[in-house]
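Everything in the sequence shown is counted per the UniProt record's numbering, starting at 1 for the first residue and increasing by one. A short worksheet on the structure shown next.
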Amino acid sequence: PTPPTPPSPPSPTPINNNLPQVFITDATVTEGNNGITLANFTINLSVIPTQAVIVEYATSDGTATTANKDYYPHPTTAITFNPGEVSKTISVAVLADTTKEANETFFVNLIGVANAVIADSQAVGTINNDDLEEDEDCFCKEIGHPNPDNLFSEGTAGYLLTQINPIINIKTVTTSDNDRLTGSDEDEALYGLDGDDFIWGKAGNDNLVGNKGKDTIFGGDDRDWIAGNESEDVINGNDGNDVINGNQNNDVVRGGKGNDILRGGEDNDLIWGDRGDDTLLGDKANDTIFGGVTEEELGDPNGRDLLLGGTGNDVLNGNQANDTICGNEGNDTVRGGSDDDIVLGDTGDDVIFGDLGNASLCGGDGNDTIYGGNGSHIPIINSGQKDCLCGGDGNDILFGNEGEDWVNGDGGDDSLYGGKDNDTLKGGDGNDWLSGDLGNDILKGGNGSDRFLLSPGFGTDTILDFEDNIDLLVLGGNLSFSQLKISQSSDGTEIAITNTGEILAILKGITVDRIELSSFLLNLPS
1 PTPPTPPSPP
11 SPTPINNNLP
21 QVFITDATVT
31 EGNNGITLAN
41 FTINLSVIPT
51 QAVIVEYATS
61 DGTATTANKD
71 YYPHPTTAIT
81 FNPGEVSKTI
91 SVAVLADTTK
101 EANETFFVNL
111 IGVANAVIAD
121 SQAVGTINND
131 DLEEDEDCFC
141 KEIGHPNPDN
151 LFSEGTAGYL
161 LTQINPIINI
171 KTVTTSDNDR
181 LTGSDEDEAL
191 YGLDGDDFIW
201 GKAGNDNLVG
211 NKGKDTIFGG
221 DDRDWIAGNE
231 SEDVINGNDG
241 NDVINGNQNN
251 DVVRGGKGND
261 ILRGGEDNDL
271 IWGDRGDDTL
281 LGDKANDTIF
291 GGVTEEELGD
301 PNGRDLLLGG
311 TGNDVLNGNQ
321 ANDTICGNEG
331 NDTVRGGSDD
341 DIVLGDTGDD
351 VIFGDLGNAS
361 LCGGDGNDTI
371 YGGNGSHIPI
381 INSGQKDCLC
391 GGDGNDILFG
401 NEGEDWVNGD
411 GGDDSLYGGK
421 DNDTLKGGDG
431 NDWLSGDLGN
441 DILKGGNGSD
451 RFLLSPGFGT
461 DTILDFEDNI
471 DLLVLGGNLS
481 FSQLKISQSS
491 DGTEIAITNT
501 GEILAILKGI
511 TVDRIELSSF
521 LLNLPS
C-alpha cells in the first residue's frame with residue numbers, strides 16, 4: 001500500500017518587524033579606594049514604542065564577584081519604557097578597595113522582554129583597578145638563586161656525592177672486565193672497575209660504582225649511593241631515597257621512586273627525577289633534565305622537584321606538581337610543566353615557559369624570552385592561568401598569554417605582552433614596549449621612554465604614568481590620529497575611537513591639553 005503523505009510542517013510564526021529591538025551598552029568605571037562608584041548601563045530601543053515595553057535584566061559574575069564584594073548584585077529586575085521613551089539607564093554599584101589586582105569584569109544580562117525583541121542580550125561591566133603599588137619590585141629579588149654548591153657539598157643533610165654511603169659492616173664485591181654484579185638483601189658495595197658492567201644492588205643500602213666502561217646500574221629497593229664515574233652510563237635508582245652521580249661523559253640518570261638527589265656530572269646528561277620529591281643538578285655541559293616520569297600515563301602529581309641546570313645550555317622541565325627550577329649559567333630552555341612552579345632562568349639568554357598552572361617566572365640576567373600560560377605567544381585555550389613574570393636584567397621579551405597575569409620587565413629595554421584577559425604590566429627601568437593585548441589591562445612604563453600600543457578590539461587599558469614628550473602612544477589596527485576622540489574625564493584623559501565610541505585607553509593624571517599629535521606613533525615599528 002502507498003504510505004500516507006506526511007503532514008506539512010507548520011508555517012513559522014512571522015516576526016513582527018515593527019516591534020522595537022532592545023540593546024544594552026557596556027560600562028567601565030575605576031573602583032576607587034573608598035565608597036562606591038556607579039557603573040551606568042544604557043538600555044536603548046531601536047524605534048519609538050507605541051505601547052509600554054518591559055525589559056527584565058539581572059547581573060552575573062565574571063572575574064568580579066559578589067562573594068568578593070566587588071559589586072552589588074541585581075537579581076531579576078524589570079524596567080518599563082512608556083510609549084515614546086527610547087532610553088533608560090540602570091546603575092550597578094561597584095565597591096571600592098585597596099587591593100592590588102588586575103582589572104575585573106561582571107555582566108548585565110537581558111533575560112526577558114514584553115512588546116519588543118532582544119537584539120543585544122549582554123553588557124560587560126569593567127572595573128579598572130587603581131591600586132598598583134608605586135614601588136612594586138621584581139619578585140626575583142625575593143626568590144633568590146639556588147646555589148648548587150650549597151646543595152651538593154659537605155654538610156647537606158648527610159647526602160655527600162663525594163663520599164661513600166655510610167653503611168656499617170658493608171660487604172664489598174669488586175671485579176673487572178664486562179661483569180654482571182647482583183647484590184643481595186644485605187648492605188653491599190659493588191664496584192665494576194674496568195669494562196662495561198651490569199650492576200644491580202637489589203635490597204639493602206648499597207654503594208654501587210661503575211668506574212671505567214659503559215655501565216648499567218640499578219639501585220634496588222632501599223637507599224643507595226650510585227656513581228657512574230667514567231664513560232657513558234645508564235643509572236636507575238629504583239625504590240628508596242637515592243643519591244646518584246653520573247660523573248664523566250654523557251649519562252642517562254633516573255631516580256625512580258623515592259626522594260632522590262641526582263647529579264649528571266660532566267658532559268651532556270639526560271636526567272629524570274621520576275616519582276617523589278627529587279633534587280636534580282645537571283652540573284657541567286648541556287644537560288636535559290625532567291622532574292617527573294618518562295611514562296606520562298603513570299604520572300607524578302605529588303612530586304615537588306628542585307631542578308638546577310648548572311653550567312652549559314640546559315633543557316629543564318618540571319613536569320607535574322609544584323616545582324622550583326633554575327637554569328643557572330648558560331642559555332637555557334626551562335619549562336615549568338603543569339601546576340604552580342617557580343622558574344628562574346638565572347644568567348644567560350634563556351627561554352622560559354610557564355606552561356599550565358599559576359607560575360612565577362623570572363628571567364634573571366641576560367636577554368630572556370618568557371612565556372606564561374600555555375607556552376606560546378599565540379593564545380591557545382581559555383586556561384585561565386595566573387602567572388607572574390619578571391624579566392630581570394637585560395632586554396627581555398615577556399608574554400603573559402592566558403589568565404590575569406602580572407608582567408614586570410625590570411631592568412633593560414623590554415617588550416611586554418599581556419595576552420588574553422586583564423593583565424598588569426610594568427616596564428621597569430629602560431625603554432620598554434607595552435601591549436596589554438586582549439582585556440582591560442593596567443600599564444605602567446616605569447623609568448625611560450616607553451611605548452604603549454593601542455588597538456581596536458583589545459579592550460580599555462589604564463596607563464598609570466604616561467609622560468608627554470617622553471613616552472609615546474602607538475596606534476595599531478590601521479588607526480589614524482584623525483579617527484580619535486580625546487576628552488577629559490574624572491579618571492584622566494580618555495582616548496576613544498570617534499565613530500564607535502570604543503575607549504582605547506585612560507591616561508591617569510594627564511590633562512587633555514597635554515595630548516596632541518606628537519604624543520602618537522602612527523605606524524607600528526618594524
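Here a beta-carbon is modelled for each residue, glycine too, at the ideal position from N, C-alpha and C. All figures in this text were calculated on a predicted structure; none of them were measured in a lab.
If you measure between the beta carbons of residue i and residue j, is that distance less than 8 Å?
i	j	result
G348	G327	yes
F520	L464	no
N40	A27	yes
T42	N128	no
I370	L389	yes
A227	N247	yes
L434	L416	yes
L45	A93	no
G448	D468	no
D267	G282	no
A428	D410	It is worth fixing the name first, because residue 428 is Gly in this sequence and not Ala. Yes, these two residues count as a Cβ contact at 8 Å.
G392	G430	no
I481	L522	In the sequence under discussion, the amino acid at residue 481 is Phe, which differs from the Ile named in the question. Cβ distance < 8 Å, so F481 and L522 count as in contact.
D368	G336	no
Y71	F106	yes
What does a CB cutoff of less than 6 Å around residue i pick up in its chain, not counting 5 residues either side in sequence?
i	result
L316	I289, L307, G309, I325 and V334
L19	A116 and V117
G372	G354, D387, L389, G400, N401 and D405
R451	W433, L472 and V474
R223	N205, G240 and N241
T462	N128, I442 and I506
L262	I244, V253, G255, I271 and L280
Consult DSSP for residue i and reduce its assignment to one of helix, strand or coil.
i	result
D278	coil
I164	Because I164 carries a pLDDT of 42, less than 50, the predicted location of this residue cannot be relied on, and the following value inherits that uncertainty. In the structure shown, I164 sits in coil (DSSP, three-state: anything other than H, G, I, E or B).
residue 576	The requested residue 576 does not occur in the structure, where the chain is confined to residues 1 to 526.
F466	coil
S518	helix
Q51	coil
Q248	coil
V512	helix
S184	coil
S480	coil
L507	strand
N40	strand
D97	coil
residue 546	An answer regarding residue 546 cannot be provided, because it is not within the stretch 1 to 526 covered by the chain.
I380	Below a pLDDT of 50, predicted positions are generally treated as unreliable, and I380, at 36, falls in that range; no measurement from the model is reported.
R451	strand
K88	strand
G219	coil
F23	strand
N328	coil
D461	strand
Could you say which of the options lies nearest to residue i if we only look at CA atoms?
i	options	result
D179	S480, N211 and N286	N211
F81	T89, D437 and T25	T89
D332	A203, G476, K284 and K202	K284
S184	G195, D206 and T460	D206
N103	G428, E516, D423 and G246	D423
V124	N247, I24 and C390	I24
V234	D346, K214 and Q51	K214
G255	G265, N247, V243 and D177	V243
G509	K485, E56 and F466	F466
G273	A67, V113, N236 and D396	N236
G112	T76, N238 and N245	T76
L475	S487, A189 and A496	A496
N202	D196, G192, I217 and D194	It should be pointed out that residue 202 corresponds to Lys in this sequence rather than to Asn. Among D196, G192, I217 and D194, the Cα nearest to that of K202 belongs to I217.
T460	G265, G220, N313 and T126	T126
For residue i, which residues in the same chain have their Cβ closer than 7 Å to its Cβ, ignoring the five residues on either side in sequence?
i	result
P379	At P379 the pLDDT is 36, less than 50, meaning the model places this residue with poor confidence and gives no usable figure here.
E502	P456 and A496
At a cut-off of 7 Å, would you count residue i as near the ligand FAD, judging by its Cβ distance to the nearest heavy atom?
i	result
I515	Among the components modelled here there is no ligand, and therefore nothing to report on the ligand FAD.
Looking only at its own chain, which residues have a Cβ that is under 8 Å from the Cβ of residue i, when we skip the five neighbours before and after it?
i	result
G84	I48 and P49
A119	Q21, V22, F23 and S46
D513	none
S87	T42, I43, N44 and L45
Would you say the stretch 479–494 touches the stretch 426–443, given that touching needs at least three Cβ pairs under 8 Å? no
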